[in-house]
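This report refers to the structure that appears directly beneath it.
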Amino acid sequence: MLLQASTQLISTERRDYPEWHHGRSDFAVWYIEIDQAEVIQYLGHIKNFFSDLLIDSNQRQYHITLFVCGFLTPKSSHYDDDFEIDTLKQQIQALNSLEIETFELEINGLDSFSSALFLQVEDNNKILDGIRQQLAQYSDEIAALEYCPHITLGLYNDAWQSDLVLDRIQSIAIKPFKIQVKYLTFGYYKAQILQGLLYPYHQIRLG
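Quick note: the sequence shown, position 176, residue 176 per our numbering, numbers continuous.
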């Protein structure tokens, strides 16, 4: 459990964050989209149990982030979190060369960052690590922290006490389940829309 007792969570501010996007629009990531209908329904059920604690403007599809790329740009970088199309082409070529087969990931527990509730993802065969190593050959990850594969359920709407969330996590039984990964997706979201939709830009079919 990452979330510690007797701490205060971070509330998400509903604003534009111009100091981050500097007028740029498309923030890009590699991700695995959750597209199994029964899984999406189950995730929604869990999220509803915490709905009073989470922001209600979340439109983003359930997904597992693989690698945070930065602001998509067709030309040379201006900011250190710009991501050029030429770099994307190199990453696509590198991933294609791996010839990755379809694989499974296991979802097996609830946890929380200081700002977001999430479900834990188990990558027992370290497939995600291998994918990330290939991507990192051509681009430094933006805001890189120790990688923790997860499915975000929502961002907190207030600076709640962590004990409130911990108590609720302990009161709900999470049944472990597996997801089938058949695609890796490169896409982006609109930086000016808080928790807006992910738009796929390129997909790599596995197997």
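Glycine residues also receive a C-beta, built at the ideal position from the N, C-alpha and C atoms.
query: For Asn-108, which option in Ser-114, Ile-55, Leu-119 has the closest C-alpha, if you only look at C-alpha atoms?
result: By alpha-carbon distance to Asn-108, the top candidate from Ser-114, Ile-55, Leu-119 is Leu-119.
message: Could you compute how far the alpha carbon of Asn-124 sits from the alpha carbon of Ile-193?
response: Cα to Cα, the separation comes out at about 34 angstroms.
task: Could you tell me which residues DSSP pairs with Thr-87 in its beta bridges?
output: Thr-87 pairs with nothing; no bridge assigned.
- request: Decide if the stretch 88–102 is in contact with the stretch 133–140; the criterion is three or more beta carbon pairs, one per stretch, under 8 angstroms apart.
  value: They touch, by the three-pair rule.
query: Which first and last residues belong to the beta strand (DSSP E) in which His-78 is found?
result: Neither: His-78 is in no beta strand (DSSP E) and is coded neither H nor E.
- request: Pull up the distance between the alpha-carbon of His-45 and that of Phe-71, whole angstroms please.
  value: So the two alpha carbons sit approximately 33 angstroms from each other.
- request: On the DSSP bridge assignment, give the partners of Glu-226 in chain order.
  value: Because the chain spans 1 through 207 in this model, residue 226 falls outside it and cannot be assessed.
field: Cross-strand partners of Phe-224 (DSSP beta bridge)
entry: Lying before the first or after the last residue shown, residue 224 is absent from the chain, which here runs from 1 to 207.
query: Is the Cβ-Cβ distance between Lys-190 and Asp-82 less than 8 angstroms?
result: For Lys-190 and Asp-82, no; Cβs fall outside 8 angstroms.
- request: Keeping to the same chain, check which residues put their C-beta closer than 8 angstroms to that of Ile-151; ignore five residues upstream and five downstream.
  value: Counting only Cβ-Cβ distances below 8 angstroms, and skipping sequence neighbours, we find Ile-34, Leu-43, Tyr-62, His-63, Ile-64, Ile-107, Phe-118, Leu-119, Val-121.
message: So, at 8 angstroms on beta carbons, what are the nonlocal neighbours of Ile-172 in its own chain, with the 5 sequence-adjacent residues on each side left out?
response: Apart from the 5 residues on each side of it in sequence, Ile-172 sits with its Cβ closer than 8 angstroms to the Cβ of Ile-46, Phe-49, Leu-110 in its chain, given in chain order.
task: Under 7 angstroms Cβ to Cβ from Leu-166, same chain only, skipping five residues before and after it: list those, please.
output: Excluding its 5 nearest sequence neighbours in each direction, Leu-166 has C-beta neighbours in its own chain below 7 angstroms: Leu-3, Ala-5, listed in chain order.
query: Going along the chain, which residues of its own chain have a beta-carbon closer than 7 angstroms to the beta-carbon of Ser-77, five neighbours each way excluded?
result: Answer for Ser-77: Glu-84, listed in chain order.
field: Residues of its chain near Gly-196, where Cβ-Cβ distance is below 7 angstroms and the 5 sequence neighbours each way are ignored
entry: Around Gly-196, the same chain offers Gln-59, Arg-60, Tyr-189, Lys-190 as residues with beta carbons nearer than 7 angstroms, after the five sequence neighbours per side are excluded.
query: CA-CA distance, Ala-159 and Ile-55?
result: For Ala-159 and Ile-55, the distance between alpha carbons rounds to 12 angstroms.
- prompt: Taking the runs of the alpha helix (DSSP H) that are 4 residues or longer, which of them lie wholly in the stretch 121–199?
  reply: Fully enclosed alpha helix (DSSP H) runs of 4 or longer: 127–136, 162–171.
query: So, Glu-104 versus Gln-180, is the Cβ gap smaller than 8 angstroms?
result: Result yes, Cβ atoms of Glu-104 and Gln-180 sit closer than 8 angstroms.
message: Please classify Ile-131 as buried or exposed, where buried requires at least 16 other C-beta atoms within 10 Å of its C-beta.
response: By the beta-carbon neighbour count (other beta carbons within 10 angstroms, threshold 16), Ile-131 is buried.
Backbone secondary structure at Glu-38 - three-state DSSP: Reduced to three states, the DSSP call for Glu-38 is helix.
First and last residue of the uninterrupted alpha helix (DSSP H) at Glu-19: It spans 18–21 - the alpha helix (DSSP H) in which Glu-19 sits, taken as one unbroken run.
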